[in-house]
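Chemist:
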Amino acid sequence: MTIMKGFSEIVGVGLPTLAIVNREPKIPFRTAVELLTILCKTIPKLHLAIFGVEKDIDSFLQAAGNSQTATMVREGRVDIASIDAQQIQQRLSTTANKCLASKSVDRLIELGVTETVLEEIEDIANSDSPPGNAIEEDRARSRAERFLFDLLESHPETVGFFYLNQRLEFRHGTQWAEGDLVSPKLRLAIEIDGLYFHLSDEKAYRRDRRKDWEYQRNGYLVLRFLAEDILPDMEVILDTIMSAVAFRKNAAVS
Numbered sequence: 001m002t003i004m005k006g007f008s009e010i011v012g013v014g015l016p017t018l019a020i021v022n023r024e025p026k027i028p029f030r031t032a033v034e035l036l037t038i039l040c041k042t043i044p045k046l047h048l049a050i051f052g053v054e055k056d057i058d059s060f061l062q063a064a065g066n067s068q069t070a071t072m073v074r075e076g077r078v079d080i081a082s083i084d085a086q087q088i089q090q091r092l093s094t095t096a097n098k099c100l101a102s103k104s105v106d107r108l109i110e111l112g113v114t115e116t117v118l119e120e121i122e123d124i125a126n127s128d129s130p131p132g133n134a135i136e137e138d139r140a141r142s143r144a145e146r147f148l149f150d151l152l153e154s155h156p157e158t159v160g161f162f163y164l165n166q167r168l169e170f171r172h173g174t175q176w177a178e179g180d181l182v183s184p185k186l187r188l189a190i191e192i193d194g195l196y197f198h199l200s201d202e203k204a205y206r207r208d209r210r211k212d213w214e215y216q217r218n219g220y221l222v223l224r225f226l227a228e229d230i231l232p233d234m235e236v237i238l239d240t241i242m243s244a245v246a247f248r249k250n251a252a253v254s
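Take the sequence shown: its letters are residues 1 to 254, numbered as in the UniProt record's numbering.
1) Which word fits Ser129, buried or exposed, when buried means at least 16 other C-beta atoms lie within 10 angstroms of its C-beta?
2) Grab me the residues of Arg23's own chain with a C-beta within less than 6 Å of its C-beta, minus the 5 sequence neighbours each way, in chain order.
3) Got a sec? Which residues, its chain only, sit under 8 Å from Ile237 by beta carbon, not counting five neighbours each side?
4) Is the segment 94-103 in contact with the segment 58-78, if contact means three or more CB pairs nearer than 8 Å?
5) Curious, which full-length alpha helix (DSSP H) runs of at least 4 residues does the segment 87-150 contain?
6) Please list the terminal residues of the continuous alpha helix (DSSP H) segment that includes residue 312.
7) Looking at Ile121: is its Cβ nearer than 8 Å to the Cβ of Pro131?
8) Under a three-way DSSP split, which group does Leu238 fall into?
9) With 16 as the cutoff for other CB atoms within 10 Å, does Glu191 come out buried or exposed?
10) DSSP state of residue 258, grouped into three classes?
11) Taking buried to mean at least 16 other C-beta atoms within 10 Å of its own C-beta, is Thr95 buried or exposed?
12) Sorted by chain position, which residues of the same chain lie with C-beta nearer than 7 Å to Arg30's C-beta, five sequence neighbours on each side aside?
13) In whole angstroms, what separates the C-alpha of Thr2 from that of Asn165?
14) In chain order, what residues of the same chain lie with their CB nearer than 7 Å to the CB of Gly219, ignoring the 5 residues before and after it?
15) Confirm, please, whether the CB-CB distance from Ala252 to Tyr215 is below 8 Å.
Quick look at the structure:
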């Protein structure tokens, strides 16, 4: 369970706010709600939001009956609309034939991805420039980075874990190192490598291997993917990341 600050865009600008994100399967939704109830009673002026999946919320409300906690959840519940399966299928019908495998489309339907993610898929698929090329006025350095970050933000197992182009606590050469997508909590880094900058010559290859060593000796697990594979191999990439996340979570527990 993670408590996050700064959700003023949800409840109002300038208000003191907290959001409780229940993403640990071992922690029941009821526990998160009880924490929220205690905070509400202790600090009445504090605006709170708790995020949960529909089945967990419904199960809690059914079991809790007409208790005060259940009433708070029931009256304060806001269902966030998602794009339905048919809409996703229609939007990706052309894109899927071009660069998305059918299994990847099924995975996106299962996740119930956001409009932003769908637009990014269409942008990458229809663009004449490689997905690893730089983009302007964005925290991400490429469309591939931005797409993967937003995809992970739409996944319940990884929402809130990763940061774009995060400055790290060690140096790479003469400068502070940065990772494309970094989870400081899990000590997990994801690098999205474009063909030109990362695989154009022996110098680029050696530079990345030195950075991988710096990652390893500072306790990070690093995953590298080609930007050009971000759509064609989306299913494999997502499975690899989920496996790495589970591995790091289990390592932290043990």
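A virtual CB, placed ideally from N, CA and C, is assigned to each residue, including glycine.
Note that the structure is predicted; figures quoted are calculated from it, not measured.
Modeler: For this structure:
1) Residue mapping note: residue 129 aligns to position 129 of the sequence shown, counting from 1. Classification of Ser129: exposed, given that the 10 Å Cβ count is below 16.
2) Counted from its first residue, the sequence shown places residue 23 at position 23. With a pLDDT of 49 at Arg23, under the threshold of 50, the modelled position of this residue cannot be trusted; read the value that follows with caution. By the criterion of a C-beta distance shorter than 6 Å, Arg23 is surrounded by no residue of its chain, once the five residues flanking it on both sides are discounted.
3) Counted from its first residue, the sequence shown places residue 237 at position 237. Hits under 8 Å: Leu148, Phe225, Asp229, Ile230.
4) no
5) Within the segment 87-150, the complete alpha helix (DSSP H) segments of 4 residues or longer fall at 102-111, 115-126, listed in chain order.
6) Because the chain in this structure spans residues 1 to 254, residue 312 falls outside the shown range and cannot be described.
7) For the purposes of this step, residue 121 is identified with residue 121 of the sequence shown, where counting begins at 1. For the purposes of this step, residue 131 is identified with residue 131 of the sequence shown, where counting begins at 1. Result no, Cβ atoms of Ile121 and Pro131 do not sit closer than 8 Å.
8) The count along the sequence shown starts at 1 and reaches residue 238 at position 238. Judged by DSSP in its simplified three-state form, Leu238 adopts helix.
9) The residue given as residue 191 occupies position 191 in the sequence shown. The residue in question, Glu191, is buried, as its Cβ has 16 or more Cβ neighbours within 10 Å.
10) Any question about residue 258 goes unanswered here, given that the chain covers just 1 to 254.
11) Here residue 95 corresponds to residue number 95 of the sequence shown, with the count starting at 1. Under this definition Thr95 is a buried residue.
12) Walking along the sequence shown from the start, residue 30 turns up at place 30. Only Phe60 meet the Cβ criterion.
13) Numbered from its first residue, the sequence shown carries residue 2 at position 2. Numbered from its first residue, the sequence shown carries residue 165 at position 165. Low confidence applies to Thr2: its pLDDT is 37, below 50, so where it sits in the model is not reliable, and the reading given next is rough at best. Roughly 22 Å between the two C-alpha positions.
14) Start at 1 with the first residue of the sequence shown, and residue 219 comes out as number 219. Cβ neighbours of Gly219 within its own chain (closer than 7 Å, five residues either side excluded): Arg187.
15) Numbered from 1 along the sequence shown, position 215 holds the residue referred to as residue 215. Numbered from 1 along the sequence shown, position 252 holds the residue referred to as residue 252. Not a contact, by the Cβ cut-off of 8 Å.
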